[in-house]
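Q:
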Amino acid sequence: MSIARRLLSTALALFALPVLLLAVWWGYTLGGSSFFVPEPVQLADTFVDTWITGERLTEDVLPSLQRLVLGLFLAIVLGVLLGLLVGLNKTARSLTEPVFEFFRALPPPVLIPVLMLTIGVGTEMQVAVIVSGCLWPVLLNTIEGVRGVDPVQSETSRAYGITGFSRIRHQLLPGAAPPIMAGVRQTLSIGLILMVISEMFATSSGLGFTIVQFQRSFAIPEMWSGIVVLGIIGVALSFIFQFVERRVLRWYHGLKEVENAA
Numbered sequence: 001m002s003i004a005r006r007l008l009s010t011a012l013a014l015f016a017l018p019v020l021l022l023a024v025w026w027g028y029t030l031g032g033s034s035f036f037v038p039e040p041v042q043l044a045d046t047f048v049d050t051w052i053t054g055e056r057l058t059e060d061v062l063p064s065l066q067r068l069v070l071g072l073f074l075a076i077v078l079g080v081l082l083g084l085l086v087g088l089n090k091t092a093r094s095l096t097e098p099v100f101e102f103f104r105a106l107p108p109p110v111l112i113p114v115l116m117l118t119i120g121v122g123t124e125m126q127v128a129v130i131v132s133g134c135l136w137p138v139l140l141n142t143i144e145g146v147r148g149v150d151p152v153q154s155e156t157s158r159a160y161g162i163t164g165f166s167r168i169r170h171q172l173l174p175g176a177a178p179p180i181m182a183g184v185r186q187t188l189s190i191g192l193i194l195m196v197i198s199e200m201f202a203t204s205s206g207l208g209f210t211i212v213q214f215q216r217s218f219a220i221p222e223m224w225s226g227i228v229v230l231g232i233i234g235v236a237l238s239f240i241f242q243f244v245e246r247r248v249l250r251w252y253h254g255l256k257e258v259e260n261a262a
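Going letter by letter, the sequence shown gives residues 1 to 262 in full-length UniProt numbering.
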């Protein structure tokens, strides 16, 4: 019985609000004549025709996902590596902190004209825009994570002669993993936003470009269907992140459960 209740509560948590929103949406459009808000059934048909059976999946969705994944990967790798280098050196932290804070405060979209002039128009520019915005949460969280490692563990590692890469792998990275993963969570939403924005400038493919083209040609159902695609991608990224986080931080969540039980 407890399992059935648990499954029911999980189902309600997942589907109650979406079903309620769909009901409100359906009621709002029922008998209405709004040109700018399509009916749910019309939007579903448009979604299938545009993104499933049409060529948009291979011409727009997949290229956008490739840019997003590549940008996120580069931002995470660079953020962790630079964060480790800076976090382990007090002098480097004091020298780079004002510079990092300055660049973090810059909205990444304002760098698009600069990147277009320096890198050119194309995939490289779009990936660079994603990296320029997604780098900072990972970098700064890695620095703070390294700084916050237990000093007793550091002294113990030195006492046992654990230095170099072994110390980074077995002490620093596990100790800094929770804030690093928090930074990665922030990069996912930032990366999705920058993917769309970067595709609105001097390009001929991608979700951002296609949604703007639909809007300019007053293809309203198609425009809304593109927004739905972005929402699905965002939800998928969230579930993938939760799956990876629970395995990477299994020890951390287990420790929290023990602390809460005590």
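Ideal placement from N, C-alpha and C gives every residue a C-beta, glycine not left out. Being a predicted model, the structure only gives us computed values, none of them experimental.
Could you give the C-beta distance for Thr123 and Arg67, rounded to a whole number, given that I count them as a contact under 8 Å?
A: Indeed, because the Cβ distance is near 6 Å, the residues count as touching under 8 Å.
Q: In terms of residues, what are the limits of the alpha helix (DSSP H) holding Gln126?
A: 123-147 is the span of the alpha helix (DSSP H), which, as asked, contains Gln126.
Q: Could you check the C-alpha separation between Ser205 and Pro113 for me, to the nearest Å?
A: Answer to the nearest angstrom: the Cα atoms are 19 Å apart.
Q: Would Gly54 be called buried (16 or more neighbouring beta carbons within 10 Å of its own) or exposed?
A: That one is exposed.
Q: Run the CB neighbour count on Ala13, radius 10 Å, all protein chains shown included, and call it buried at 16 or more, exposed below.
A: Label assigned to Ala13: exposed.
Q: For Thr156, name the three-state secondary structure that DSSP assigns.
A: Thr156 falls in the helix class under three-state DSSP.
Q: Report back the beta-carbon spacing between Thr187 and Val228 to the nearest angstrom; my notes put them in contact at under 8 Å.
A: The Cβ separation is near 23 Å, so there is no contact.
Q: Can you look up Ile3 in the DSSP assignment and give me helix, strand or coil?
A: It is helical.
Q: Is Ile190 near Pro109, with beta carbons less than 8 Å apart?
A: No; because the gap between Cβ atoms is not below 8 Å, this pair is not in contact.
Q: Would you be able to state if there are at least three C-beta pairs under 8 Å between the segment 127-144 and the segment 79-97?
A: Flag = yes, the segment 79-97 and the segment 127-144 touch.
Q: Rounded to whole angstroms, what's the CA-CA distance from Leu194 to Phe102? Just pull it up for me.
A: Computed Cα separation, rounded: 19 Å.
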